[in-house]
Amino acid sequence: MGELYLRHTQRFADYQERNGEPRIGHKTEIQNEPWLWTLSKDAHWKHHLAEFDQDIESNSLGLIGKLRPGKKQPREVRIVAIGDSYTMGAGDTLGYGYPSILERNLNSGNRSRTYTVINAGVWGSDPIFGINLLQLRLWTLHPDIVLLTINYTDIDDLVRRGALTGSMRRVT
12 MGELYLRHTQ
22 RFADYQERNG
32 EPRIGHKTEI
42 QNEPWLWTLS
52 KDAHWKHHLA
62 EFDQDIESNS
72 LGLIGKLRPG
82 KKQPREVRIV
92 AIGDSYTMGA
102 GDTLGYGYPS
112 ILERNLNSGN
122 RSRTYTVINA
132 GVWGSDPIFG
142 INLLQLRLWT
152 LHPDIVLLTI
162 NYTDIDDLVR
172 RGALTGSMRR
182 VT
């Protein structure tokens, strides 16, 4: 009865529940680490909230945006940006957050190098998820630089979860 009351009154509703937004964000994949969820692969959504409308496209890795990297080009610097909804660009109707802005700024006027910034932000993720995503999927992209964006909710997640317990592998 208590749960029915709380659901009916939405006393502890999260942002998506309060705004009537469907849960389109994550899809658990069948793999050894079932908690490593990403977006549905190669999909397109219209993300509509009271504050904004956003078109979202995912790539073959289940990450936001188009995945351009194939074979690394000479003088190309690859940057992988890992983080949560801030990195992902949730609510950014102009282009998927700071990774896109970073890529545009690094490439403006620069002729000696080409910078490719890969947006690996995932809604609701934490730093441990990001490190594991890097180990399991992103090393194959051969990044030169990895950016990890952390905010205060990530610290809360780590404290609640017990930080790195049982979830880290040695990177070689």
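For the sequence shown, our numbering assigns the number 12 to the initial residue and increments by one for each residue that follows.
Positions of the beta carbon are idealized from the N, C-alpha and C atoms, including for glycine.
Bear in mind the structure is a predicted one, so any value in this text is a computation, not a measurement.
Please state whether DSSP places residue i in a helix, a strand or coil.
i: Gly-94; result: strand
i: Gly-13; result: helix
Let's test the definition: count the other Cβ atoms within 10 Å of the Cβ of residue i and tell me whether it reaches 16, buried, or not, exposed.
i: Val-170; result: exposed
i: Ala-101; result: buried
i: Met-12; result: exposed
i: Ile-129; result: buried
i: Leu-149; result: buried
i: Tyr-16; result: exposed
How about residue i and residue j: are their beta carbons less than 7 Å apart?
i: Val-91; j: Ala-54; result: no
i: Ile-93; j: Gly-141; result: yes
i: Ile-156; j: Pro-138; result: no
i: His-153; j: Lys-83; result: yes
i: Met-99; j: Trp-134; result: yes
i: Tyr-109; j: Leu-117; result: no
i: Asp-95; j: Ser-136; result: yes
i: Leu-50; j: Gly-81; result: no
Enumerate, from N- to C-terminal direction, the unbroken beta strand (DSSP E) stretches of 3 or more residues contained entirely within the segment 107-167. 125-132, 156-159
Count the C-beta pairs between the segment 61-68 and the segment 87-94 that are closer than 8 Å, then say yes if the count reaches three, no if not. no
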